[in-house]
Every structure is written in C-alpha cells, then in structure tokens.
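**Q**
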Amino acid sequence: MVTKALVATAAFNAFTGVSAFWRMQCHGRTGVARIDPIMDFGTASTHAHALHGSSALSSTSTNDDLKAGNCTSCAVKQDRSAYWHPALYFQDDSTGEFELVEQVGGMLAYYLLRNPEGDGKVEAFPDGFRMIAGSTKRRSYTLGNVDEADPPTYNWASLGQTTQSDLAERALGFNCLDYDKAAEGSLYRHFLPDKAYLDANCKSGLRLEIMFPSCWDGKNVDSADHKSHMAYPNLVGDGQCPEDFPVRLVTLFYEVIWSTKSDLFEGRSGQFVIANGDPTGFGYHADFMTGWDKDFLQDAVDRCTNESGELFDCPTFMENGPLQTEQEQSECLLEDPEIDLSVDSVLGIAIKALPGNVQIIGSGSGDSGSTSTSKSAGFIDSLTSAFGFGSTPTTTSHSAPTLSYNSATSDSLGVPGGAFIESETSSSEVTPTSSPTPDVGIQAVPTSFLTTTPPAQPQVTSEPGVSYEVVSTEIVTQGSKVQEIVWKEAVVYVTEDSVTTTTVQAAPAKRSDNPEKARRNHWLRHQHHGRRG
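The sequence shown begins at 1 in full-length UniProt numbering and counts up by one.
#1: Does the separation of the CB atoms of residue 544 and Phe191 fall below 8 angstroms?
#2: Under 8 angstroms, do Ala48 and Ala275 count as touching if we go by C-beta distance?
#3: For Thr251, which beta-bridge partners are listed by DSSP?
#4: Could you tell me if Gly160 is buried or exposed, where buried requires 16 or more neighbouring beta carbons within 10 angstroms of its beta carbon?
#5: Pull the bridge partners of Asp287 from the DSSP assignment, please.
#6: Grab the span of the alpha helix (DSSP H) containing Asn63 for me, first residue to last.
#7: Return the Cβ separation of Tyr83 and Tyr254 in integer angstroms, given the expectation that the two are a contact with Cβ distance under 8 angstroms.
#8: Among the candidates Val101, Leu57, Lys219, Asp36, whose CA atom is the shortest distance from the CA of Leu264?
#9: Please list the terminal residues of the continuous beta strand (DSSP E) segment that includes Glu99.
#10: Considering just the uninterrupted stretch of the alpha helix (DSSP H) at Val32, what are its terminal residues?
#11: Give the straight-line distance between the Cα atoms of Asn306 and Val358, rounded to the nearest whole angstrom.
#12: Should Gly144 go down as buried or exposed, given a rule of 16 or more other Cβ atoms within 10 Å for buried?
#13: What's the C-alpha gap between Thr290 and Ser94?
#14: Using only CA atoms, which one of Glu148, Glu97, Ala224, Pro246 lies nearest to Gly270?
#15: Rounded to the nearest angstrom, how far is the Cβ of Cys241 from that of Glu117, given a contact under 8 angstroms?
#16: From Thr52 to Cys332, what distance separates their C-alpha atoms?
#17: In the DSSP assignment, find the alpha helix (DSSP H) that holds Met39 and state where it starts and stops.
#18: Span of the beta strand (DSSP E) holding Leu143?
#19: Can you tell me the Cβ-Cβ gap for Val301 and Val32, rounded? I've got them flagged as a contact below 8 angstroms.
#20: Using the DSSP secondary-structure output, state which residues sit across from Ala50 in a beta bridge.
#21: Does the segment 227–235 touch the segment 73–83, meaning 3 or more C-beta pairs lie closer than 8 angstroms?
#22: According to DSSP, is Leu177 helix, strand or coil?
#23: Count the CB pairs spanning the segment 68–77 and the segment 323–331 that are closer than 8 angstroms, and state whether there are at least three.
#24: Grouping DSSP H, G and I as helix and E and B as strand, with all else coil, what is Arg303?
#25: So Ser214 and Thr163 are in contact, right, with Cβ under 8 angstroms, and what is the actual spacing, rounded?
#26: What would DSSP say about Asp166, mapped onto helix, strand or coil?
#27: One question on the structure: do Ile35 and Ile132 come within less than 8 angstroms of each other, judged by their Cβ atoms?
#28: Under 8 angstroms, do Glu326 and His27 count as touching if we go by C-beta distance?
#29: Identify whether Asp313 lies in helix, strand or coil by the three-state DSSP scheme.
#30: Can you tell me whether Phe265 is helix, strand or coil according to DSSP?
#31: Would residue 536 and Asp150 qualify as a contact pair, given that the criterion is a beta-carbon distance under 8 angstroms?
#32: As an exercise, report each continuous beta strand (DSSP E) stretch of at least 3 residues that is fully enclosed by the segment 170–240, in chain order.
#33: Using the rule of at least 16 other Cβ atoms within 10 Å of the residue's Cβ for burial, across every protein chain shown, is Pro233 buried or exposed?
#34: Can you give me the start and stop residues for the alpha helix (DSSP H) that Gln161 sits inside?
#35: Exposed or buried, which one is Asn155 when buried takes at least 16 other CB atoms within 10 Å?
#36: Classify Glu123 as helix, strand or coil using the three-state DSSP reduction.
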C-alpha cells in the first residue's frame with residue numbers, strides 16, 4: 001500500500017482538478033521593430049514591438065512562413081510561433097526624450113491546460129491560428145476604483161462585471177518586483193505605476209502580464225478585429241466559456257520583466273511609457289501567431305501533465321530535444337530585419353520621439369472614446385521615426401493611480417482575474433504551512449498558480465519504506481544568481497501482515513514541518529524567474 005504524505009498542489013487542484021502547464025522560455029528577442037503582421041499587415045506598425053519566437057516574423061508573415069523559419073528564440077525548437085508585445089520606454093522630464101528600457105530575460109509564455117467543463121479536453125491551436133489580447137487605444141478602467149484590488153471572482157457576476165470588455169480589463173497585470181519581499185499576485189494591479197512608486201517599491205523591476213482568451217468558436221482561425229473568434233472564460237484565465245465558444249484552447253499568459261530600477265534612470269525625473277504612447281498601462285496588449293505543428297502541440301497538451309511547469313518534465317519535448325540553451329535562443333534574430341521598420345535597441349540612446357512619432361495620450365481617452373494613440377506621419381517622418389528620430393510628440397499629462405504593494409496569500413485564491421485558481425475548499429480544509437525564508441532571496445513567483453508559501457514537507461529520513469519523489473520545482477532569482485529548488489514528496493510504504501484474525505499495521509514515518517529541498521545552483525547572466533503552477 002502506498003500513501004502519499006502531502007499533495008503540494010491541493011489548493012490548486014481544488015477548483016479545476018487539473019493544473020498541468022508549461023512555461024515556454026523565450027530568452028532571446030529576435031528584434032525590436034514596428035512589425036505587426038496581424039494588425040498592420042504589409043506596412044509599418046504604428047508603434048514598436050519586442051519580438052520573440054520564429055526568425056521568419058516580418059510585416060507580411062503568414063503562419064506557414066513562421067513554421068519555415070530558420071530558428072526560434074524560444075527553448076523548444078519545434079515552437080516556431082511568434083509572440084510580440086509593445087516595448088517600454090522612459091521619457092526624461094528635462095529633455096522630453098525617450099530611452100528604451102532593458103528587457104530582462106526575454107519573456108515567458110505560459111501554456112496553461114485549463115478546462116473545468118465537460119470532459120476537460122484542451123485543444124491545440126489550429127493551423128493558421130492568430131489572436132490578440134488587450135486594446136491599444138484603451139486609456140481608462142471602468143470596473144470601479146482602480147486603486148482598489150479586484151473583488152473576489154464569485155462576486156463578479158452579481159456586480160455585472162463579466163462582459164468580454166470587463167474581463168479584458170482584468171486580463172492585464174503590472175507586478176511590482178522586490179525579491180526581498182513576498183511576491184504580489186499576478187494580475188493584481190491593472191495599471192502602470194508611476195516612477196516615484198516604482199523607485200520606492202519595485203527595486204527588482206516591473207513585470208508586465210497579459211492573459212489571452214482561451215474559448216474558441218471552433219470555426220475561425222482569425223476574425224476581422226482579430227478578437228471575435230475568441231472569448232474569455234468568466235474568470236479571465238479559468239471558469240466557464242460562453243455558449244458560442246465551446247472549444248477550450250490552451251490558455252496563453254505572457255510575462256515580461258523590464259528593468260525600471262536601472263541605474264540609467266536613477267535620480268532622474270520622468271515617466272515610463274509603453275511604446276504605443278500609453279503611460280497608464282490600460283492600453284497594454286500582445287499578439288500571438290501559432291507556428292506549431294498542430295499534431296505535435298496536441299501531443300504536448302495531452303502528455304505534458306506534470307505540474308512543475310518545467311519544459312524538461314514534458315516527455316514530448318524531451319523525446320524530440322534537446323532543449324535550446326539560453327545562448328542558442330539569444331542568437332536567433334530576424335531573418336529579414338526590414339531595416340526601415342527596425343528600432344534602435346541600444347540601451348542609453350536617447351531619441352526625440354517614440355518610434356512611429358506616437359503621441360503620449362493619458363487617461364480618460366481610448367476605447368471609451370475614439371482617440372487614436374498615434375498621429376499621422378508624413379513620408380519623411382515615417383522614415384525617421386523607424387529609428388525614433390522624429391519630431392517631438394505632443395504629450396498629455398497623466399497622474400497614475402496607486403495600489404499599495406500587497407503580497408499574495410492563500411486567501412487570494414480567485415482574487416486577481418483567474419490567474420489564481422479559486423479554491424472551493426474552506427481555509428480550514430487546506431491550510432498551507434509557512435516555511436523559513438530561503439537564504440537565496442524571496443521566491444520571485446506570483447502565487448497566481450498556488451500559494452505564496454509551500455506546504456510543509458516530510459523530513460528527510462533513512463528509515464526503510466520511505467522514498468521521495470520530485471513533485472515540483474521553483475526558480476528563485478537574486479541578482480545574477482538563480483537557484484532552482486526541487487520540492488520532494490514523501491512516499492511511505494506500509495506493510496500489512498495478517499495473522500489469523502489480527503492485522504498489524506506498521507506506523508508511517510514521522511512527519512516534520514521542515515521541508516526537504518534539493519538545490520541546484522546556476523549562475524546565469526540574465527535569467528527570467530520561474531513560477532510554480
């Protein structure tokens with residue numbers, strides 16, 4: 001008889017029963033350019049994007065083009081998808097000029113295998129599939145006071161906050177990073193904090209987050225607005241799909257860290273602004289075009305059932321490996337950089353205008369109105385603005401709201417937009433046990449997929465009948481040092497002997513509150529933090 005001592009993901013599984021996922025590491029960036037073949041096919045995008053994935057991405061790319069790319073900036077070489085999102089800039093108050101902010105560790109694309117409905121089937125992205133999340137023109141928040149945390153998810157319906165527009169507003173996150181504190185929850189804050197707040201509270205940078213819709217109409221791989229063929233489930237990242245969108249696809253979630261606390265900006269007055277001219281964050285958005293072979297991705301979806309989120313725990317990837325190293329990912333660049341659309345990505349270089357001569361437009365305009373985020377540019381401006389050397393744009397004032405730093409707790413399950421999994425189990429039924437703070441720095445892991453503190457684990461013992469299995473891993477970053485923590489679960493083998501009518505059962509091994517950790521240290525120049533799922 002085999003008895004599992006502890007189930008580390010009990011709180012996570014309480015709602016969906018399935019928590020498998022993997023985090024696609026895309027340490028490389030193929031370029032920074034005004035390229036967006038979804039929204040601006042065959043022409044310059046209105047603003048600059050940071051590009052990841054297939055080297056074949058261009059202003060005229062098709063999904064088949066991506067598949068034929070020479071390389072990918074992501075860890076799994078079969079993933080020729082394209083992932084992109086607007087870059088982040090700093091504008092100096094004294095000069096009005098802009099500087100590109102350093103992007104730390106590339107990006108992470110989480111592939112979350114969630115479907116609490118019916119048979120729980122999750123389907124791979126169909127051939128030719130593409131979608132966008134977010135609205136570049138949005139400059140307002142309509143779901144109450146943005147200075148306050150979201151209400152619990154079970155209140156959203158009664159508050160009338162489950163329209164697709166509502167859910168999209170809650171699908172954005174701006175996570176204040178301080179590795180000396182417990183992590184904030186993902187999708188906790190829905191706006192871009194101002195520089196004063198970032199300087200005072202977010203010494204490890206700012207992580208921008210976005211959840212994509214996962215409910216598909218089952219028919220169209222694209223739509224006129226590149227959104228209408230998809231819908232959010234009623235909890236943003238989980239829950240039930242609308243009736244007209246019966247097919248559950250993989251749930252995509254992007255994370256990108258920007259070094260807002262860089263020495264380049266120390267002691268300088270100014271503001272951070274997204275490349276589409278947005279100082280509010282409400283207009284943050286992202287794009288995805290699949291470059292997977294559908295059958296290969298479906299095999300991964302069906303077989304990558306490990307809850308660690310690690311790529312090396314997925315048999316589909318390891319059988320078709322090896323995974324690409326960080327260096328190999330970083331060496332993958334655009335095959336056709338389209339020089340007139342490329343953007344200077346050298347840090348510390350000041351430019352007079354955002355690429356595309358984009359105006360800065362603050363709160364109060366956008367989707368709730370009809371204000372454009374960019375002004376029209378003449379021929380000369382179009383050429384010069386490809387590198388950001390255009391005329392100085394018009395700037396509107398913006399006062400950022402404030403939502404205090406707040407570490408996520410087990411009570412937060414279900415609070416921020418469904419990135420947390422809401423538990424229907426009472427707190428008395430699942431009570432995580434706190435553990436000592438690791439000496440390598442606080443886990444830089446938003447508890448959107450579990451709790452901020454790991455449950456207590458059995459004590460390491462040499463007693464017979466006790467073995468340990470790896471059930472989960474964590475990656476903790478402190479400066480340039482990255483430590484991987486492997487959580488093990490005790491499996492206690494108990495022998496039952498029958499003598500006539502009497503059964504004697506051996507006592508299980510004594511449990512301890514001290515976790516057993518196997519630690520593997522890695523020194524990396526740039527390493528994105530990981531997250532448990």
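A virtual CB, placed ideally from N, CA and C, is assigned to each residue, including glycine.
**A** Walking through what the data contain:
#1: In the structure as shown, the chain begins at 1 and stops at 533. Residue 544 is therefore absent and cannot be evaluated.
#2: Position 48 of the sequence shown, counting from 1, holds the residue named residue 48. Position 275 of the sequence shown, counting from 1, holds the residue named residue 275. Yes, they are a contact pair.
#3: Numbered from its first residue, the sequence shown carries residue 251 at position 251. In DSSP, Thr251 forms a bridge with Leu112.
#4: Position 160 of the sequence shown, counted from the start, is the residue given in the question as residue 160. Looking at its Cβ environment, which holds fewer than 16 other Cβ atoms inside 10 Å, Gly160 is exposed.
#5: Looking up residue 287 in the sequence shown gives position 287. According to DSSP, Asp287 bridges with Trp84, Ile132.
#6: Numbered from its first residue, the sequence shown carries residue 63 at position 63. First-last of the alpha helix (DSSP H) with Asn63: 63–67.
#7: To locate residue 83, count along the sequence shown from 1; it is residue 83. To locate residue 254, count along the sequence shown from 1; it is residue 254. Their Cβ separation, rounded to whole angstroms, is 7 angstroms, which keeps Tyr83 and Tyr254 in contact under 8 angstroms.
#8: Residue 264 sits at position 264 when you count from the first residue of the sequence shown. When only C-alpha atoms are compared, the closest one is Val101.
#9: Indexing the sequence shown from 1 puts residue 99 at position 99. Note, Glu99: beta strand (DSSP E), 98–100.
#10: Within the sequence shown, the letter at position 32 stands for residue 32. Note, Val32: premise wrong, no alpha helix (DSSP H); beta strand (DSSP E) at 31–33.
#11: Along the sequence shown, one-based indexing puts residue 306 at 306. Along the sequence shown, one-based indexing puts residue 358 at 358. If you take the alpha carbons of Asn306 and Val358, they lie about 44 angstroms apart.
#12: Here residue 144 corresponds to residue number 144 of the sequence shown, with the count starting at 1. Result: exposed.
#13: On the sequence shown, position 290 is the one that residue 290 refers to. On the sequence shown, position 94 is the one that residue 94 refers to. Distance between the alpha carbons of Thr290 and Ser94: 43 angstroms.
#14: Position 270 of the sequence shown, counted from the first residue, corresponds to residue 270. The shortest C-alpha separation from Gly270 is found at Glu97.
#15: If you number the sequence shown from 1, residue 241 lands on position 241. If you number the sequence shown from 1, residue 117 lands on position 117. Contact holds; Cβ gap of about 7 angstroms.
#16: Against the sequence shown, residue 52 aligns to sequence position 52. Against the sequence shown, residue 332 aligns to sequence position 332. Here the sequence assigns His to residue 52, which means Thr is not the residue at that position. His52 and Cys332: Cα-Cα distance of roughly 9 angstroms.
#17: Here residue 39 refers to the residue found at position 39 of the sequence shown. Unbroken run through Met39: none, as it is neither H nor E.
#18: Counted from its first residue, the sequence shown places residue 143 at position 143. First-last for Leu143: undefined, no H or E at that position.
#19: If you number the sequence shown from 1, residue 301 lands on position 301. If you number the sequence shown from 1, residue 32 lands on position 32. Actually they do not touch by this definition, with Cβ atoms about 31 angstroms apart.
#20: Residue numbering aside, residue 50 sits at position 50 when the sequence shown is read from its first letter. DSSP lists Val32, His85 as partners of Ala50.
#21: no
#22: The count along the sequence shown starts at 1 and reaches residue 177 at position 177. Strand at Leu177.
#23: yes
#24: Walking along the sequence shown from the start, residue 303 turns up at place 303. Helix.
#25: In the sequence shown, counting from the first residue as 1, residue 214 sits at position 214. In the sequence shown, counting from the first residue as 1, residue 163 sits at position 163. No, Ser214 and Thr163 are not in contact; Cβ-Cβ is about 17 angstroms, not under 8 angstroms.
#26: As a working mapping, residue 166 is identified with position 166 in the sequence shown. Asp166: helix per DSSP, three-state reduction.
#27: By 1-based counting over the sequence shown, the position of residue 35 is 35. By 1-based counting over the sequence shown, the position of residue 132 is 132. Going by C-beta atoms, Ile35 is not nearer than 8 angstroms to Ile132.
#28: By one-based count along the sequence shown, residue 326 stands at place 326. By one-based count along the sequence shown, residue 27 stands at place 27. The answer is yes: Cβ separation under 8 angstroms.
#29: Locating residue 313 in the sequence shown gives position 313, where the first residue counts as 1. Correct three-state label for Asp313: helix.
#30: Working through the sequence shown from its first residue, we reach residue 265 at position 265. Phe265: helix per DSSP, three-state reduction.
#31: Here the chain has residues from 1 to 533 only, and residue 536 is not among them.
#32: 172–177, 205–211
#33: Within the sequence shown, the letter at position 233 stands for residue 233. Buried: at least 16 other Cβ atoms inside 10 Å.
#34: As a position in the sequence shown, residue 161 is number 161, starting the count at 1. Looking at the DSSP string, Gln161 is not in any alpha helix (DSSP H), and its letter there is neither H nor E.
#35: Against the sequence shown, residue 155 aligns to sequence position 155. Flag for Asn155 reads exposed.
#36: On the sequence shown, position 123 is the one that residue 123 refers to. In the structure shown, Glu123 sits in a strand (DSSP, three-state: E or B).
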